[in-house]
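Notes to accompany the following structure.
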Amino acid sequence: MSRVYNFSAGPAVLPLEVLQSAQENLVNYMGCGMSVMEMSHRGKDYEPIHQEAIATFKELTGIGDDYEVLFIQGGGSMQFAMIPQNFLPKGAHADYANQGTWSGKAMKEAQMVGDVNVVANCAKDIPTRMPRDDEWKWSEGAAYAHICTNETISGAQLKKIPTPCAGVPLFGDMSSDILSCARDYTKFDLFYAGAQKNLGPSGMAVVAVKKELVAKADVTNVPTMMRYATHLDNNSLYNTPPTWAIYIFGEVMKWVKKMGKENLFRLNDEKAKKIYDVIDGSGFYRGTALKEFRSNMNVTWRLPTEELEAKFVKEAAAAGMKSLKGHRSVGGIRATIYNAFPIAGVDCLVDFMKEFEKKNG
């Protein structure tokens, strides 16, 4: 069976060479006589896999030894709960931006723990967007500030990282655009990403956090597995971690390094531009995000009717392009083109879009 072009937002496309290398080493990893999935997470065969994955990620993000990289099960949604449990003490408040579905979910988890100050709210704006520079309403003395850099469902992306009040740690959900464009990761005291989009398989989140932040947290009443300190103090090995997911994550990081970040960022912009150019040059397709906030990872648009959208998705799938249906909460069309998505797939989609408009416009 030939591979299709997979536009899924997650679990998402992985680099083909990573999959092929994993296939080659599946049964007998590097001659050690067993699969990574069978290794002891505390054994000498697995240890270098774990450590290299962390080191390569730190190199790519440009963070130093003041940060620790953690592998925590539960994806980004678990982080929504862990963050306030660890860093929102009784009587304090946190700043949250409500920028869409996922940031809204993060905010709701925090509201179960303590008080939340909404610093910006554009979650229901149509066309979808991110807060503008003059819209942030930060509060002094917040325990932390939480933002989302890219909203997967709406297709809106922060192009500039904002700065909260002095002394307030900045936290970022970067699940769907991490390592996709130039960012200064040192602006964040904590940033995280569900692995299943740009980093590897589903089942875990990758968290980078400043060690001093974890050391200061009062976790007296926080369950052991929900404490960042538990994972930090044990190098993410307190319990049996998702070793296969970590292995693939490490291979994806090596792939990103081999590609070269600047080359990858340029390619991501090129891929997105090809699709947006068709949308903008058409009276048939309508983009759903404001141009200044358009995501280079999740391109979203509508057709004149829902019936035409259903037809578009069905015919695209028959032509080898799958998972183009928009999220169930908003409808429409969504082309997710993460780092590993090939430009040939974008060219195929662009040609299909033009032909579909000719036949149905």
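Residue numbers (our numbering): 1446 to 1806. Where is the CB? At the ideal position from N, CA and C, for every residue including glycine. Predicted, not measured: the structure shown is a model, and the values here were computed from it.
query                                                                                                                  : result
Nonlocal neighbours in the same chain, by C-beta distance under 8 Å from M1766, ignoring five residues either side     : V1449, Y1450, F1452, G1790, C1793, L1794 and F1797
9 Å Cβ cutoff met for S1768 and S1621                                                                                  : no
Residues sharing a beta bridge with Y1637, DSSP                                                                        : D1618 and V1652
Coarse secondary structure for E1754, derived from DSSP in three states                                                : helix
Helix, strand or coil at Q1516 [DSSP, three-state]                                                                     : Per the sequence shown, the amino acid found at residue 1516 is Phe instead of Gln. Note: F1516 maps to strand in three-state DSSP.
Segments of 4+ residues assigned as alpha helix (DSSP H) that fall wholly inside the segment 1533 to 1603              : 1546 to 1556
Residues of its chain near K1719, where Cβ-Cβ distance is below 6 Å and the 5 sequence neighbours each way are ignored : V1791 and V1795
Cutoff 6 Å; reference C1626; Cβ partners in own chain excluding five residues on either side                           : F1710
Residues near T1685 in its chain [Cβ-Cβ closer than 6 Å; skip 5 each side]                                             : H1486
CA-to-CA distance, N1805 to Y1630, given in whole angstroms                                                            : 45 Å
Unbroken beta strand (DSSP E) run spanning R1779, endpoints                                                            : I1778 to T1781
Three-way DSSP call (helix, strand, coil) for V1723 in this model                                                      : helix
Close beta carbons around E1580, own chain, < 8 Å, minus the five adjacent residues each side                          : A1565 and C1567
Pairwise C-alpha distance: V1472 and G1478                                                                             : 8 Å
Run of the beta strand (DSSP E) containing N1743, from where it starts to where it stops                               : N1743 to R1747
Rounded C-alpha distance that separates Q1465 from W1689                                                               : 15 Å
C-alpha distance - N1713 paired with I1598, whole-angstrom precision                                                   : 18 Å
9 Å Cβ cutoff, K1799 in contact with chain B                                                                           : Of the chains in the structure shown, none is chain B; there is only one protein chain.
Sequence-distant residues of its chain with Cβ nearer than 6 Å to F1636 (five each side left out)                      : G1617, M1619 and A1653
Helix, strand or coil at M1766 according to DSSP, with G and I counted as helix                                        : strand
Which of helix, strand or coil DSSP assigns to A1734                                                                   : strand
Collapsed DSSP secondary structure at Y1491 in the structure displayed                                                 : coil
Selected residue, minimal CA-CA separation from K1535, among M1475, S1548 and N1666                                    : N1666
Rounded Cβ spacing between I1691 and F1516 (contact assumed at less than 8 Å)                                          : 5 Å
Boundaries of the alpha helix (DSSP H) in which G1695 is found, first to last residue                                  : T1688 to M1704
Identity of the residues DSSP links to N1451 by a beta bridge                                                          : K1767
Rounded distance between the beta-carbons of G1559 and A1526, thought under 8 Å                                        : Contact flag wrong, Cβ pair sits at about 13 Å.
Minimum C-alpha distance to K1604 - residue among M1575, K1699, I1724 and H1676                                        : M1575
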